[in-house]
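Protein chains in written order, with the UniProt record's numbering: chain A, 1 to 470; chain B, 1 to 470. Even for Gly, the Cβ is constructed at its ideal location relative to N, Cα and C. Because the structure is a prediction, the values reported are computed rather than measured. Below is one structure, written out as structure tokens, with a few remarks after it.
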């Protein structure tokens with residue numbers, strides 16, 4: 001059992017008195033002083049209404065805003081107006097070109113034969129297209145992704161692969177990484193084994209009829225095949241049908257298209273600091289969303305949380321470091337906004353880069369990859385975040401699609417991890433709507449981010465560089 | 001506080017000892033003897049697997065089965081095979097003609113203007129059609145059904161009425177009757193006040209993206225207008241948009257059609273009794289379902305529960321009265337199967353008529369309209385059902401669309417009321433799928449129905465006639 005660095009003194013005293021021999025090694029951590037301005041900002045942020053106003057606004061006034069779409073352009077205009085209205089400085093759009101924009105088409109599927117019925121699914125990003133009239137082919141069923149890996153080369157010729165691995169909720173979201181393989185690379189593997197198309201059980205933890213969208217990728221030299229995610233309920237039904245009729249055929253119609261090029265962009269806003277040499281704090285979320293829902297948890301919430309937290313710093317400043325809030329473009333189909341940001345800002349000094357892109361349920365943990373020079377910053381974070389119910393994780397921070405390209409240049413990170421126990425019920429589905437946001441948990445997020453910004457913005461310590469997390 | 005007739009003796013003793021003057025009037029009910037065969041059947045039914053097999057089968061092997069469709073015909077064939085396999089006697093289809101079959105078409109809607117985005121909705125049964133290219137008209141918003149009633153005659157000309165009354169869950173389902181008015185008669189009222197179309201907030205207690213289908217009716221002389229239900233999440237979004245843009249327009253496309261005539265039918269199966277003069281016990285659910293889900297709670301469950309309970313009587317017989325299980329056709333669009341049954345069996349003696357059409361959550365209450373001659377039957381039901389957690393209601397039983405026309409002829413009823421607290425989360429939506437059925441609660445339903453059948457089938461008392469419930 002690892003001693004928690006921020007265990008309060010009363011608990012440590014009790015531990016000492018009652019200690020068994022095995023626990024006798026525990027020692028109290030050094031006392032850490034937190035500036036009263038930090039705790040005051042944290043507690044005020046627990047009453048924040050700015051974040052809910054932002055996520056309500058973008059989901060209501062813009063709605064779905066898929067990558068490279070006119071709606072995403074509208075989201076940029078909306079964000080510029082909102083950030084200016086909130087008083088941020090240097091608010092601007094940094095444009096870039098988005099190539100090979102994947103655009104959803106018709107998407108239908110039906111079971112044929114004795115158990116004929118429609119199925120609900122959605123095409124995966126980068127899916128190939130069927131003929132306009134669809135494909136009619138037998139199903140090759142794989143209960144797990146591993147079973148697909150075991151299928152012999154060429155064994156899927158003339159078939160629609162159906163991979164139905166189930167996903168359980170995890171607080172740290174780690175089941176997405178493992179079970180998500182069926183979506184991330186399943187279509188490429190099925191294609192390379194000769195499949196004409198693939199349908200997967202949605203990568204999600206719900207049991208509903210809303211399929212989970214998401215991007216897949218095909219390796220160079222592999223021709224994209226039609227690829228779609230069935231809703232979990234439909235996948236469970238198809239599993240039962242496959243067991244009744246081993247020869248069952250599906251009729252599958254997916255007609256996505258690819259537009260060669262569209263202009264897109266990142267929205268940037270700043271809280272100017274007093275010491276430009278101390279480096280910029282980069283925070284934000286992504287403005288784009290999948291098209292099935294209205295992008296509340298993914299990632300209106302991230303825009304809302306980071307902008308609201310920065311607003312608390314704006315109103316209490318000036319602070320030492322500049323805080324830059326970015327609404328990244330085109331995260332969902334490949335992190336293009338994050339790459340464009342890193343390219344546009346190469347050579348600038350960043351003190352920190354952190355994003356919010358995991359909904360708005362409570363932050364339960366934080367992790368950093370701070371350098372030895374900034375060790376005390378981590379200790380102050382641990383003490384100041386503990387009253388919000390946030391623990392210090394044992395791992396190394398530095399994750400994120402949007403800030404990833406910036407982190408790769410040696411910039412430190414503080415990851416504030418939201419609970420993922422509910423996230424994959426709604427992620428990338430039609431159900432990602434405003435009502436999934438719990439206003440009280442959203443406020444706890446704003447308080448966590450405000451606390452983190454207040455500590456880092458005024459830290460006298462040097463903040464980098466660091467060895468990037470792999 | 002009303003004394004519960006089935007209060008156990010120990011509780012009554014304690015009440016007597018501790019009684020305040022106000023409670024001193026309490027008296028113990030007469031002792032009621034329950035045949036050991038009844039309790040044995042009840043307890044065995046708590047381990048039932050037949051019901052789950054049926055509801056899994058019909059939702060998997062047939063799937064959605066809308067009124068008058070080829071899938072509903074397939075459901076009849078499926079039910080005949082299943083009921084024969086279970087050993088029921090006289091299994092047959094009783095055909096009838098279904099006129100003016102409403103068939104769903106395209107259904108899309110978009111907000112136009114500053115907050116442009118798609119909305120999810122579904123056409124209501126009997127909805128009129130828009131032109132194929134849709135209608136583009138301003139919205140007239142009504143926060144409640146009563147506000148629609150208050151709208152002046154002619155005030156809706158050239159507009160799409162939007163009625164957004166919300167529904168809260170109730171255990172007895174009574175909120176459906178009151179809040180459902182927006183669907184049942186809202187379109188007729190909007191049409192009569194000049195509206196070109198109407199969209200309503202779904203009559204449901206969820207907050208999801210799956211709209212709730214359902215039938216509406218237009219009065220003679222009122223031309224049906226296009227009428228649809230928005231998902232609750234979409235209705236909530238449109239309410240926010242209407243407040244931002246009072247001139248907001250919708251583009252609405254609904255293209256349902258009407259087929260003049262199709263053959264349909266009821267599926268009938270029997271457990272023959274030893275005393276034909278004692279009258280038949282009519283039970284069942286409806287075979288048809290709305291097309292968006294696979295008809296698990298509405299009403300695969302009803303077929304499953306009543307057939308499984310009758311199977312327990314079949315295997316333990318013979319019993320005095322014949323039990324007739326009916327899978328009614330075409331309930332959703334007007335109760336046509338129930339009407340056809342009453343017509344086909346006019347003049348026969350029925351001892352009881354009861355249906356299961358409210359999902360498969362726990363039976364929490366029963367109500368009857370038994371005649372004085374059968375008062376003791378009700379007392380036995382109270383005692384035998386109490387261990388299943390079922391209370392005797394203070395109201396009068398005798399509800400149901402399918403058995404309604406038979407009940408109107410003076411046949412008594414025993415209503416076994418399922419809890420409605422969850423039912424309207426899924427009712428008539430894409431989410432009405434097998435995973436909504438809780439196998440343990442389903443077994444409690446089978447035990448309740450088995451107990452009821454065991455008591456009524458062998459009751460020596462005369463069972464009717466009665467004055468029908470209004």
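Just to make sure I have the definition right: I need the residues of chain B whose C-beta is within less than 8 Å of the C-beta of residue i. Which are they?
i, result
"residue 53 of chain A", "Per Cβ cutoff of 8 Å: no residues; residue 53 of chain A is ~12 Å from chain B at best."
Along the beta strand (DSSP E) that carries residue i, what are the first and last residues, could you check?
i, result
"residue 286 of chain B", "280–286"
"residue 315 of chain A", "No beta strand (DSSP E) holds residue 315 of chain A; the alpha helix (DSSP H) holding it covers 301–316."
"residue 328 of chain A", "323–328"
"residue 453 of chain A", "Residue 453 of chain A -> not in any beta strand (DSSP E); alpha helix (DSSP H) instead, spanning 439–457."
"residue 254 of chain A", "249–254"
Ordered along the chain, which non-local residues of its own chain (more than five positions away) have a Cβ less than 8 Å from that of residue i?
i, result
"residue 155 of chain A", "140, 193, 194"
"residue 275 of chain A", "320, 321"
"residue 160 of chain B", "135, 137, 138, 139, 140, 195, 196, 197, 198, 199, 250, 252"
"residue 116 of chain B", "110"
"residue 469 of chain B", "369, 396, 397, 398, 399, 407, 413"
"residue 149 of chain A", "189"
"residue 158 of chain A", "137, 138, 194, 196"
"residue 113 of chain A", "245, 247, 248, 249"
"residue 444 of chain A", "46, 362, 363, 388, 389"
If you follow the alpha helix (DSSP H) that residue i is part of, which residue opens it and which one closes it?
i, result
"residue 241 of chain A", "232–244"
"residue 261 of chain A", "Segment 257–271 is the beta strand (DSSP E) holding residue 261 of chain A; no alpha helix (DSSP H) there."
"residue 149 of chain B", "145–150"
"residue 378 of chain A", "375–385"
"residue 414 of chain A", "No alpha helix (DSSP H) holds residue 414 of chain A; the beta strand (DSSP E) holding it covers 414–418."
"residue 37 of chain A", "36–45"
"residue 294 of chain B", "Counting along the chain, residue 294 of chain B falls outside any alpha helix (DSSP H), and DSSP gives it neither H nor E."
"residue 218 of chain B", "First-last for residue 218 of chain B: undefined, no H or E at that position."
"residue 56 of chain B", "50–57"
"residue 425 of chain B", "423–426"
"residue 410 of chain B", "Per DSSP, residue 410 of chain B belongs to no alpha helix (DSSP H) and is neither H nor E."
Spatial neighbours of residue i within its chain, please: CB distance less than 6 Å, with the 5 preceding and 5 following residues excluded, ordered by chain position.
i, result
"residue 302 of chain A", "285, 356, 357"
"residue 50 of chain B", "308, 311"
"residue 462 of chain B", "373"
"residue 128 of chain B", "224, 225, 226"
Ignore the nearest five residues each way along the sequence and tell me which others in residue i's own chain have a CB closer than 7 Å to its CB.
i, result
"residue 153 of chain A", "193"
"residue 21 of chain B", "Because the pLDDT of residue 21 of chain B is 47, which lies under 50, any placement of that residue in the model is unreliable, and the question is left without a value."
"residue 244 of chain A", "115"
"residue 167 of chain A", "175, 179, 203, 204, 205, 424"
Listing by chain order, which chain B residues have their CB less than 7 Å from the CB of residue i?
i, result
"residue 435 of chain A", "207, 233, 236"
"residue 37 of chain A", "Here the premise fails: no neighbours, minimum Cβ distance about 36 Å."
"residue 349 of chain A", "Within chain B, no residue comes near residue 349 of chain A; the closest Cβ sits about 40 Å away, beyond 7 Å."
For a contact defined as C-beta to C-beta under 8 Å, what are the partners of residue i on chain A?
i, result
"residue 262 of chain B", "Residues of chain A passing the Cβ test: none, with the nearest at roughly 18 Å."
List, in order along the chain, the chain A residues whose C-beta lies closer than 9 Å to that of residue i?
i, result
"residue 430 of chain B", "120, 208, 209, 210, 231, 233"
"residue 333 of chain B", "Ordered by position in chain A, no residue passes the 9 Å Cβ test against residue 333 of chain B, which lies about 19 Å from the chain."
Let me see if you follow: with CB-CB separation under 8 Å, is residue i close to chain E or not?
i, result
"residue 191 of chain B", "The displayed structure is made up of protein chains A and B, and chain E is not among them."
**Message:** Tell me which residues of the segment 235–255 of chain B have at least one Cβ-Cβ distance to chain A shorter than 8 Å, keeping chain order.
**Reply:** 236, 237, 240, 241, 244
**Prompt:** Taking the runs of the alpha helix (DSSP H) that are 4 residues or longer, which of them lie wholly in the segment 159–207 of chain B?
**Reply:** 174–179, 181–184, 186–192
**Asked** Listed from N- to C-terminal order along the chain, which residues in the segment 45–73 of chain B have their beta-carbon within a distance smaller than 8 Å of any beta-carbon of chain A?
**Response** Listed by position along the chain: 56, 59, 60, 61, 62, 63, 64, 71.
**Request:** Report the residues of the segment 208–227 of chain A with a CB closer than 7 Å to any CB of chain B, ordered along the chain.
**Result:** Residues of the segment 208–227 of chain A with a Cβ closer than 7 Å to any Cβ of chain B, in chain order: 208, 209, 210.
**Message:** Report the start-end ranges of each alpha helix (DSSP H) in the segment 330–367 of chain A that is 4 residues or longer and not cut off at the edges.
**Reply:** Taken in chain order, the complete alpha helix (DSSP H) segments of 4 residues or longer contained in the segment 330–367 of chain A are 336–344.
**Asked** When you check each C-beta in the segment 104–122 of chain A against every C-beta of chain B, which residues fall closer than 8 Å?
**Response** 111, 114, 115, 116, 117, 118, 120
**Message:** Can you pull out the residues from the segment 128–141 of chain B whose beta carbon lies closer than 8 Å to at least one beta carbon of chain A?
**Reply:** none
**Request:** Let me know the alpha helix (DSSP H) ranges lying completely inside the segment 61–138 of chain B, each 4 residues or longer, listed in chain order.
**Result:** Counting only runs of 4 or more residues that sit fully inside the segment 61–138 of chain B, the alpha helix (DSSP H) segments are 70–85, in chain order.
**Message:** Tell me which residues of the segment 273–305 of chain A have at least one Cβ-Cβ distance to chain B shorter than 9 Å, keeping chain order.
**Reply:** Answer in chain order: 291, 292, 293, 294.
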